[in-house]
Structures are given as C-alpha cells and as structure tokens.
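Novice: I am attaching a structure below and will ask some questions about it afterwards.
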Amino acid sequence: MSAAHQPNDERDALVIGGRRFSSRLMTGTGKYPSLAAMQASLTASACEIVTVAVRRVQTQAVGHEGLMEAIDWNAIWMLPNTAGCATAEEAIRVARLGRELAKLAGQEDNTFIKLEVIPDSKHLLPDPIGTLQAAEQLVKEGFTVLPYINADPLLAKRLEEAGCATVMPLGSPIGSGQGIRNAANIALIIENATVPVVVDAGIGVPSEAAQAMEMGADALLVNSAIALAGDPPAMARAMAMACEAGRSAFQAGRLPIRADASPSSPTSGRIGS
0 MSAAHQPNDE RDALVIGGRR FSSRLMTGTG KYPSLAAMQA SLTASACEIV TVAVRRVQTQ
60 AVGHEGLMEA IDWNAIWMLP NTAGCATAEE AIRVARLGRE LAKLAGQEDN TFIKLEVIPD
120 SKHLLPDPIG TLQAAEQLVK EGFTVLPYIN ADPLLAKRLE EAGCATVMPL GSPIGSGQGI
180 RNAANIALII ENATVPVVVD AGIGVPSEAA QAMEMGADAL LVNSAIALAG DPPAMARAMA
240 MACEAGRSAF QAGRLPIRAD ASPSSPTSGR IGS
C-alpha cells in the first residue's frame with residue numbers, strides 16, 4: 000500500500016475508550032459472498048476494528064461458520080455487537096457473551112460492545128429508550144459502549160452523559176444504501192459531542208463516506224456497501240481512501256460558500272484591450 004493510501008497519521012489517531020487506532024474506517028463481517036472475500040476486504044480496507052454479531056457467531060449462522068478463525072485477532076480489534084436483540088435485557092445478556100467471545104479471541108482486556116436494540120424487524124430502526132437503558136447498565140458493568148442510534152442529538156448527549164465511549168448515529172437505515180439522509184441532525188451531534196461520533200449504516204458509495212467525514216465525523220462503520228459490492232476488496236479500498244480524503248478535507252477547512260462567483264485569478268494588473 001502506498002503512502003497516500005496508508006491509514007491516518009498516528010498524530011491524528013482515533014481514541015475510543017482510551018485505545019488508539021490509526022484507521023478511522025470500521026468494517027463488519029456479515030453479508031460477504033465468502034470468507035475469502037471478507038478476508039481480502041479487511042486487508043484492503045486497512046481497518047483495525049471489525050464488528051462481529053455475537054449471536055450469529057454463537058449459532059454458526061450462514062456465512063459465520065469459521066469466522067472467528069478467519070480473522071487475525073492480533074491485528075484486528077473485535078467489536079462484538081448485539082445484533083438481533085429487541086430489548087434492553089436481551090442486549091445486556093448478549094453483551095456479556097460478547098465480552099467472553101473477545102476473550103476467546105485472545106483479547107482479554109477487550110470491553111468494547113456495539114450496542115444495538117432493534118425491535119423493528121422491517122425498518123431496523125433502533126429503540127432509543129431501550130438503548131439508553133442498556134447503555135446505562137453496561138457502563139456500570141465496565142463495558143466500553145458504542146451505541147447505535149437514530150440521528151437524535153438529544154439522545155446522543157444523554158448517552159454521552161451516561162458514559163458511552165462513542166455515539167453511532169445512522170446515516171440512513173441499515174443496508175439501505177441511501178447515504179446521509181440525516182445530515183442536519185448528524186451535524187448537531189458532531190457539534191455538541193465530546194466523544195467520537197461514528198456514522199453507521201446507510202453509506203452506499205465512497206462519496207457518501209467522504210461526505211460524512213467532511214462534516215466532522217470521527218469515524219465510519221461500513222459493512223453492506225463493501226460486502227455486497229461487485230468487487231468487495233476494491234470497494235473496501237475505495238471506502239478507506241474516501242474516509243481518509245474526507246478527514247483531510249475536514250481538517251483543511253473548506254472554502255466559504257458564497258452567493259456570487261469569485262474569480263480565482265486576481266483582477267488587478269490585467270492587460271488592457
């Protein structure tokens with residue numbers, strides 16, 4: 000990988016729960032056509048955090064057989080998730096199992112959990128009340144909680160106050176590929192957050208990934224757009240580059256938007272006609 004395509008500089012590390020990561024792109028493990036495609040995509044993305052559905056791994060669901068052995072857990076930090084949980088109580092139980100799963104992978108000190116409480120099986124929208132209830136309990140139990148939420152600035156602040164390590168607002172519904180449909184609310188969350196904001200769900204193409212980072216998001220979680228692409232590793236690499244480009248653009252600062260045109264060349268010293 001060339002220098003231009005390396006993860007973000009260590010001086011611009013992403014810090015979650017006191018742990019530093021050089022890549023700001025997180026990816027998932029579901030929906031890939033094969034384990035080989037997943038492995039190649041993880042490598043191409045240069046990601047350092049990968050989310051794993053605890054229930055699907057435990058039950059050896061289709062596409063998850065051999066998943067734990069297919070990933071180098073010395074290089075990748077596991078982010079167990081509570082996918083499939085409809086209530087706070089379920090999510091808390093699965094989070095505890097997720098901590099044990101991370102230990103089985105050799106990550107004894109891994110307390111990370113991506114908290115998902117989703118009772119709506121059609122639209123897959125997270126339950127704000129159940130998410131807050133589960134987050135409060137899991138924080139008490141010492142988890143590093145990364146909650147998946149609607150783009151609700153008030154809920155994001157409540158979760159931060161409860162001790163969550165990040166907030167993860169959706170760009171649009173899971174797997175929809177609709178892009179950033181909640182830009183105004185996500186911008187408010189970013190403006191007011193003192194923990195990392197990770198845009199999760201709905202990103203379909205690299206331009207949308209770059210858009211989220213240009214807005215000031217601290218990181219992205221992209222799964223379906225990579226796994227369901229015609230060439231998953233190529234899309235993974237494209238998402239990584241978009242994430243880096245968006246971050247660099249945010250740090251550089253865009254030019255102000257103007258109502259009128261502004262010439263790029265000076266008007267003084269022109270040769271007369």
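Residue numbering for the sequence shown follows numbering that gives the first Met the number 0, beginning at 0 and increasing consecutively. Positions of the beta carbon are idealized from the N, C-alpha and C atoms, including for glycine.
Let me know the secondary structure DSSP gives Leu154 once reduced to three states.
Specialist: Taken through DSSP and simplified to helix, strand or coil, Leu154 comes out as helix.
Novice: Inspect the beta-carbon positions of Thr42 and Met25 and report whether they are closer than 8 Å.
Specialist: no
Novice: If distances are taken between C-alpha atoms only, which option among Ser40, Asp199, Val166 and Asn149 comes closest to Asp126?
Specialist: Asn149
Novice: What's the call for Gly129, buried or exposed, on a 16-neighbour Cβ count within 10 Å?
Specialist: If you draw a 10 Å sphere on the C-beta of Gly129, you find 16 or more other C-beta atoms in it, and that means buried.
Novice: So, for Glu213: in the same chain, excluding its five sequence neighbours on each side, which residues have a beta-carbon less than 8 Å away from its beta-carbon?
Specialist: In chain order, Gly245, Ala248, Phe249 and Arg253 place their CB closer than 8 Å to the CB of Glu213, counting only its own chain and leaving out the 5 sequence neighbours on each side.
Novice: Among Cys242, Ala39, Arg18 and Gly83, whose alpha-carbon lies nearest the alpha-carbon of Ala69?
Specialist: Ala39
Novice: If you compare alpha carbons, which of Glu243, Arg18, Leu219 and Asn184 is closest to Leu154?
Specialist: Asn184
Novice: In chain order, what residues of the same chain have a beta carbon less than 6 Å from the beta carbon of Leu78, not counting five sequence neighbours either side?
Specialist: Ile48, Thr50, Phe111 and Lys113
Novice: Is the segment 200 to 207 touching the segment 162 to 182 in the sense that three or more CB pairs, one from each, lie closer than 8 Å?
Specialist: Contact between the segment 162 to 182 and the segment 200 to 207 is present: three or more C-beta pairs spanning the two stretches fall below 8 Å.
Novice: Which stretch, first to last residue, makes up the beta strand (DSSP E) that contains Arg18?
Specialist: Start and end: Arg18 to Phe20.
Novice: Measure the CB-CB distance between Ala218 and Pro195 and report whether it falls below 8 Å.
Specialist: yes
Novice: Anyone know if the C-beta pair for Ala239 and Ala12 falls short of 8 Å?
Specialist: Not a contact, by the Cβ cut-off of 8 Å.
Novice: Enumerate in chain order the residues of its own chain whose CB-to-CB distance from Ser120 is below 6 Å, with the five nearest sequence positions on each side excluded.
Specialist: none
Novice: Name the DSSP bridge partner or partners of Thr143?
Specialist: Phe111
Novice: Leaving out the 5 sequence neighbours to the left and right, which residues in its chain are closer than 7 Å to Leu123 when beta-carbon positions are compared?
Specialist: Ile117, Pro172 and Ile173
Novice: Once the 5 residues before and after Arg236 are set aside, which same chain residues still bring their CB inside 6 Å of it?
Specialist: Ala43
Novice: Please check if any C-beta of chain D sits within less than 8 Å of the C-beta of Ile91.
Specialist: Included in the structure is just one protein chain, with no chain D present.
Novice: With a threshold of 7 Å on Cβ separation, who are the neighbours of Ala164 within its own chain once the five nearest residues in sequence on each side are excluded?
Specialist: Ile15, Gly16, Thr143, Val144, Leu145 and Val194
Novice: Could you tell me which of Gly65, Ile91 and Lys156 sits nearest to Lys139, measuring between CA atoms?
Specialist: Ile91
Novice: By the DSSP assignment, the alpha helix (DSSP H) with Val93 in it spans what residues?
Specialist: Ala87 to Leu103
Novice: Express the C-alpha separation of Ala74 and Gly170 in angstroms, rounding to a whole number.
Specialist: 28 Å
Novice: Tell me the DSSP secondary structure of Ala161 in three-state form.
Specialist: coil
Novice: Less than 8 Å between the beta carbons of Val198 and Pro168, yes or no?
Specialist: yes
Novice: Using only alpha-carbon positions, find the residue among Glu115, Leu96 and Arg98 that is nearest to Cys84.
Specialist: When Glu115, Leu96 and Arg98 are compared, the shortest CA-CA separation from Cys84 is found for Glu115.
Novice: Between the beta-carbon of Gly65 and the beta-carbon of Leu96, is there less than 8 Å?
Specialist: With a cutoff of 8 Å on beta-carbon distance, Gly65 and Leu96 are scored as not near each other.
Novice: When DSSP labels each residue in this structure, what does Met67 get in the three-state scheme?
Specialist: helix
Novice: Short of 7 Å in beta carbon distance, which residues of its chain neighbour Lys156, apart from the five on each side in sequence? Order them along the chain.
Specialist: Asn191
Novice: Under the rule that 16 or more other beta-carbon atoms within 10 Å means buried, what is Ile275, buried or exposed?
Specialist: What the structure shows of the chain is the stretch from 0 to 272, and residue 275 is not part of that stretch, so it cannot be assessed.
Novice: With DSSP as the reference, label Ile225 as helix, strand or coil.
Specialist: helix
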